[in-house]
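**Student:**
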Amino acid sequence: MVPLSWARRLRDGQVIDVCSACRVGGKGPGTPDREAGCSCEGGELFDVLGHDRFGHRLANTLLRAGVDSVERLSSLSARQLRDLEGIGAESARRALSCLRSEPGG
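When we follow the numbering used here, the leftmost residue of the sequence shown carries the number 23, and every step to the right adds one.
1) What does the alpha-carbon distance come out to for the pair residue 82 and residue 32?
2) Do you know offhand how far residue 64's Cα is from residue 78's?
3) Using a Cβ-Cβ cutoff of less than 7 Å, which residues in the same chain neighbour residue 66 once the five nearest sequence positions on both sides are dropped?
4) Between which two residues does the alpha helix (DSSP H) carrying residue 80 extend?
5) Using a Cβ-Cβ cut-off of 8 Å (strictly less than) and excluding sequence neighbours within five positions of residue 87, which residues of its own chain qualify?
6) Is residue 106 helix, strand or coil when you go by DSSP?
7) DSSP three-state label for residue 95, please.
8) Can you check which of these residues, 121, 103, 74, 99, is closest to residue 41 by C-alpha distance?
9) Please classify residue 69 as buried or exposed, where buried requires at least 16 other C-beta atoms within 10 Å of its C-beta.
10) Relative to the alpha-carbon of residue 94, which residue among 30, 117, 34, 35 has its alpha-carbon at the smallest distance?
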């Protein structure tokens, strides 16, 4: 699990909280906006769900529920996600929205 250490960054005109390993301000060529300069070792769920507090909290909750890969996450319906302990409607909506925004998703 990723240590809960946070930093504030300006991204797309908004101040967001990001994990301490992410350097969102330093977008390099060919780097997707949401992963700009990120060196977080949280794994693929963290990359897909985002490196803000909500994304990390959601990824950690999914990991505790046994959802340990993007493939496993994409096999679940919104109802199945909501049935997992700690996942509510907003979390399920965020997870599915992030999956749709993935290349090939």
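All C-beta atoms, glycine included, are put in the ideal place defined by N, C-alpha and C.
**Tutor:** Inspection of the coordinates gives the following:
1) 24 Å
2) 8 Å
3) 91, 92
4) 75-86
5) 106, 107, 108, 109
6) coil
7) helix
8) 74
9) buried
10) 117
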